[in-house]
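Numbering (the working numbering), first residue to last: 49 to 725.
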């Protein structure tokens, strides 16, 4: 989300100074009462009470399967980016300049006449090259070539910090290679999943027809794709299993890899992607890699050629003619998510430029929308939340002093990133040319891949950003022990320079506390202050944590998100713990910040009530039934409704603020409430 120009008065509020002075008269409550549904009972559905009005005012349009506060902010962000990009696209610039690359790529993305004239031509040479493959060794060489161009058949080869030695970058593998992106779509047999699977087969056939195959050949290709992808899906770990970082750490020498997975010819594979000096690799999911080896070794060349060609077609579809793009939309967006129409071409073009030249666009963005002074003001708020989390850790009854000491060390060493990076990426070696849209996407992918593999074996750059400044999001990264809040998220409804502490602590304050708590959730707690996968807990404290986390798991498992479909409490555990911790930590910081000069009741709501209303408003939204089912399979976050109605019943201060009693539907007895951080 994006940033506004913050006034000094706000900086004072963020420092924890009371906002009850005369200057505070200029600050609003931040709450728009039109967003509320006052006919709803807070204890029955606080989500409906806080957001019913917003939901009614913002019905889903055809281009959305879900639309909420996040999406509205992203829309505003996209419009700002469009202005910046179109200004460059309208003029001529020196060849090789960032302005030329941004402007030309945008214009290429908009040129539907050229795209429709080309049809499948931009991918023909690649499809022909794959069709000419004769043996397994050539398949491995093709895998290497495709990985460099942003296509990942069979598995993903990437470079990231070594979990056991977080100061150094390590080459790693990750399971992949399935077109629907989630293994459950291949394995589950409920009616809805079977329907999606059948429609996927139809989609694959239609795409092969568009690429030039006849009907019989296209149907044959469907059988090839489903055979290989289903085998890969069966060998893949579930999303719950992938949450175990220790299980995902299996570092092996190249010699060992050649013995265990000989068909892949690791020396040749690594040399082909520019990693010939690598001596060891972390195989994230060994069973998945074994299946890759077995598939390449046992499946016919004809089937593997079909599968590799499908990876090209599937990857390129969004950058080809309208018939490709429409068919791609019809399956992945309409069938799987429930969207009714594509976004306008300009929105898709902005997204492409963002994805290919993200920091170049980000640099222009922050220069116009995020003044440098705002960065320090946000740093102050983060420090305030750090203090609050530290106080809560010190007060934990279930944790020993030895583990508390380590936790506080970790908290004190958080690497905080606000707004934008101090050093921008250099795109001088990336070429944007007027050949084809797809060719430019491949060059951008190759540039990004080369940048990544160049880090192998080198020290981790803790100042590198994993999100662009214009991104509407935030993150915690365990191997660098960092929390990052891009400029994009630092605006309403997350942050409002004109609102008082009740609003800002309830919104952005909880977001900050959420990311901090990720350092201590079921995954983050396994990493020490230096970002290494290391057990720093006593045995008893670890058991206490798991016992308390189980309360959260069971609570969310009991939530029915659709008829007959329940939330997955284990899969969403980390995010649910972070929401819980964010609420606890930020509410405590809010009360401390206003203790000397308490805020007044405004619009009939106490400061405490406005804190929780601000939190709930962040998750306002409407969603289609198809998207509920899809996100329940793939998203580690709970659905927006349940980030409110599922989280707040565990927060004692919420009960006090709204007078929720055992007569209310959302009421949980104290002994059934989670209490972790």
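Just so you know, even glycine gets a beta-carbon here, dropped at the ideal spot from N, CA and C.
Self-check item: Enclosing alpha helix (DSSP H) for residue 301 [first to last residue]
Solution: Here residue 301 is taken as the residue at index 253 of the chain shown, counted from 1. Per DSSP, residue 301 belongs to no alpha helix (DSSP H); it is in the beta strand (DSSP E), 299-301.
Quiz item: Which value, in whole angstroms, describes the spacing of the CA atoms of residue 260 and residue 596?
Solution: For the purposes of this step, residue 260 is identified with residue 212 of the chain shown, where counting begins at 1. For the purposes of this step, residue 596 is identified with residue 548 of the chain shown, where counting begins at 1. The straight-line gap from Cα to Cα measures roughly 57 Å.
Exercise. Report, in whole angstroms, the separation of the C-beta atoms of residue 227 and residue 200, which I expect to be a contact under 8 Å.
Key: Here residue 227 corresponds to residue number 179 of the chain shown, with the count starting at 1. Here residue 200 corresponds to residue number 152 of the chain shown, with the count starting at 1. Rounded, the Cβ-Cβ distance is 11 Å, inconsistent with contact.
Quiz prompt | CA-to-CA distance, residue 528 to residue 510, given in whole angstroms | solution = Mapped onto the chain shown, residue 510 falls at position 462. Mapped onto the chain shown, residue 528 falls at position 480. About 6 Å.
Quiz item: With residue 740 and residue 77 assumed to form a contact (beta carbons below 8 Å), what rounded beta-carbon distance in angstroms separates them?
Solution: As displayed, the chain neither begins before 49 nor continues past 725, which places residue 740 out of reach and without an answer.
Exercise. Would you mind working out which of 690, 202 and 621 sits nearest residue 684, comparing C-alpha positions?
Key: Mapped onto the chain shown, residue 684 falls at position 636. In terms of Cα proximity to residue 684, the closest of 690, 202 and 621 is 621.
Exercise. Tell me where the alpha helix (DSSP H) around residue 131 begins and ends.
Key: Numbered from its first residue, the chain shown carries residue 131 at position 83. For residue 131, the enclosing alpha helix (DSSP H) stretches over residues 117-137.
Self-check item: Rounded C-alpha distance that separates residue 170 from residue 485
Solution: Sequence index remark: in the chain shown, residue 170 carries index 122 (1-based). Sequence index remark: in the chain shown, residue 485 carries index 437 (1-based). Each residue's Cα considered, the two are about 8 Å apart.
Quiz prompt | As assigned by DSSP and simplified to three states, the class of residue 72 | solution = One-based indexing of the chain shown puts residue 72 at position 24. Reliability fails at residue 72, whose pLDDT of 42 lies under 50, so the model's placement of it is uncertain and the value that follows must be treated cautiously. Three-state DSSP puts residue 72 in a helix.
Quiz item: Taking the alpha helix (DSSP H) that residue 756 falls in, what are its first and last residues?
Solution: Not covered by the structure: residue 756. The range shown for the chain is 49 to 725.
Quiz prompt | residue 261 - DSSP class collapsed to helix/strand/coil | solution = Against the chain shown, residue 261 aligns to sequence position 213. Here DSSP, grouped into helix, strand and coil, assigns residue 261 to coil.
Quiz item: Where residue 453 and residue 469 are concerned, what is the direct C-alpha to C-alpha distance, given to the nearest angstrom?
Solution: As a working mapping, residue 453 is identified with position 405 in the chain shown. As a working mapping, residue 469 is identified with position 421 in the chain shown. Between the C-alpha atoms of residue 453 and residue 469 there is a straight-line separation of about 31 Å.
Exercise. Assuming residue 660 contacts residue 554 (C-beta within less than 8 Å), just tell me the rounded distance between them.
Key: Here residue 660 corresponds to residue number 612 of the chain shown, with the count starting at 1. Here residue 554 corresponds to residue number 506 of the chain shown, with the count starting at 1. In this structure, residue 660 and residue 554 form a Cβ contact; the two beta carbons are roughly 6 Å apart against a cut-off of 8 Å.
Self-check item: DSSP-derived helix/strand/coil call for residue 156
Solution: Residue mapping note: residue 156 aligns to position 108 of the chain shown, counting from 1. Secondary structure of residue 156 (DSSP, three-state): helix.
Quiz item: residue 220 bridges to which residues according to DSSP?
Solution: If you number the chain shown from 1, residue 220 lands on position 172. For residue 220, which the question treats as bridged, DSSP gives the partners 206 and 330.
Exercise. With a threshold of 16 other CB atoms inside 10 Å of the CB of residue 300, please say whether the residue is buried or exposed.
Key: In the chain shown, counting from the first residue as 1, residue 300 sits at position 252. Residue 300 comes out buried.
Self-check item: Backbone CA spacing between residue 69 and residue 376 [nearest angstrom]
Solution: By 1-based counting over the chain shown, the position of residue 69 is 21. By 1-based counting over the chain shown, the position of residue 376 is 328. Here the model assigns residue 69 a pLDDT of 31, short of 50, so the residue's position is not dependable, and the following value carries that caveat. Looking at the backbone, the Cα of residue 69 and that of residue 376 are separated by about 57 Å.
Quiz item: Buried or exposed: which applies to residue 139, given that a residue is buried once 16 or more other Cβ atoms fall within 10 Å of its Cβ?
Solution: On the chain shown, position 91 is the one that residue 139 refers to. Per the 10 Å Cβ criterion, exposed.
Practice problem: For residue 627, count neighbouring Cβ atoms within 10 angstroms of its own Cβ and tell me buried if that reaches 16, exposed if not. | Solution: Taking the first residue of the chain shown as position 1, residue 627 is located at position 579. The residue is buried, with at least 16 neighbouring Cβ atoms inside 10 Å.
Quiz prompt | Proximity to residue 605 [Cα-Cα], best of 388, 665 and 687 | solution = Here residue 605 corresponds to residue number 557 of the chain shown, with the count starting at 1. Looking at 388, 665 and 687, the one whose alpha-carbon comes closest to that of residue 605 is 687.
Quiz item: At which residue ranges does the region 350-435 contain complete alpha helix (DSSP H) runs of 4 or more residues, listed in the order of the chain?
Solution: You should have 370-377, 393-404 and 406-417.
Quiz prompt | Contact under 8 Å by Cβ, residue 489 with residue 533 | solution = Reading the chain shown from its first residue, position 441 is the one you call residue 489. Reading the chain shown from its first residue, position 485 is the one you call residue 533. Judged by their CB atoms, residue 489 and residue 533 are not nearer to each other than the 8 Å cut-off.
Quiz item: Thinking C-beta only, is residue 708 closer than 8 Å to residue 91?
Solution: For the purposes of this step, residue 91 is taken as the residue at position 43 of the chain shown. For the purposes of this step, residue 708 is taken as the residue at position 660 of the chain shown. Yes; because the gap between Cβ atoms is below 8 Å, this pair is in contact.
Quiz item: In or out: residue 127 buried (at least 16 other Cβ within 10 Å) or exposed?
Solution: As a first step, residue 127 must be located in the chain shown, where it is residue number 79. Here residue 127 is exposed. Its C-beta has fewer than 16 other C-beta atoms within 10 Å.
Quiz prompt | Bridge-paired residues (DSSP) for residue 650 | solution = For the purposes of this step, residue 650 is taken as residue 602 along the chain shown, with counting starting at 1. DSSP output for residue 650 lists 653 as bridge partner(s).
Self-check item: the region 391-404 / the region 149-161 touching (three or more Cβ pairs under 8 Å)
Solution: The region 391-404 is in contact with the region 149-161.
Quiz prompt | Residues of its chain near residue 72, where Cβ-Cβ distance is below 7 Å and the 5 sequence neighbours each way are ignored | solution = The residue labelled residue 72 in the question sits at position 24 within the chain shown. Note that residue 72 has pLDDT 42, beneath the 50 cutoff, so the model's placement of it is unreliable and the number below is only indicative. Excluding residues within five positions, the ones whose Cβ falls inside 7 Å are 548.
Quiz prompt | Environment of residue 389 [buried if 16+ CB atoms lie within 10 Å] | solution = What you label residue 389 is simply residue 341 of the chain shown in a count that begins at 1. Note on residue 389: under 16 other CB atoms within 10 angstroms of its CB, so exposed under the neighbour-count rule.
Quiz item: Is the CB-CB distance between residue 79 and residue 651 below 8 Å?
Solution: Translated into the one-based positions of the chain shown, residue 79 becomes position 31. Translated into the one-based positions of the chain shown, residue 651 becomes position 603. Yes, these two residues count as a Cβ contact at 8 Å.
Self-check item: Inter-stretch contact (C-beta, 8 Å, three-pair minimum) for the region 665-680 and the region 577-597
Solution: The region 665-680, when compared against the region 577-597, does not touch it at the 8 Å Cβ threshold.
Quiz item: Do residue 265 and residue 579 have their C-beta atoms closer together than 8 Å?
Solution: Reading the chain shown from its first residue, position 217 is the one you call residue 265. Reading the chain shown from its first residue, position 531 is the one you call residue 579. Remark: C-beta atoms of residue 265 and residue 579 do not approach each other more closely than 8 Å.
Quiz item: Which word fits residue 730, buried or exposed, when buried means at least 16 other C-beta atoms lie within 10 angstroms of its C-beta?
Solution: Past the edges of the chain, shown from 49 to 725, lies residue 730, and the structure says nothing about it.
Self-check item: Under 8 Å between C-beta atoms of residue 599 and residue 722
Solution: For the purposes of this step, residue 599 is identified with residue 551 of the chain shown, where counting begins at 1. For the purposes of this step, residue 722 is identified with residue 674 of the chain shown, where counting begins at 1. Against a cut-off of 8 Å, the Cβ pair of residue 722 and residue 599 comes out as a contact.
Quiz item: Taking C-beta to C-beta, are residue 344 and residue 187 nearer than 8 Å?
Solution: Taking the chain shown and counting its residues from 1, one reaches residue 344 at position 296. Taking the chain shown and counting its residues from 1, one reaches residue 187 at position 139. Between residue 344 and residue 187, the C-beta spacing is below 8 Å.
Quiz item: Going by DSSP, which residues form a beta bridge with residue 114?
Solution: Translated into positions along the chain shown, residue 114 becomes position 66. DSSP lists 671 as partners of residue 114.
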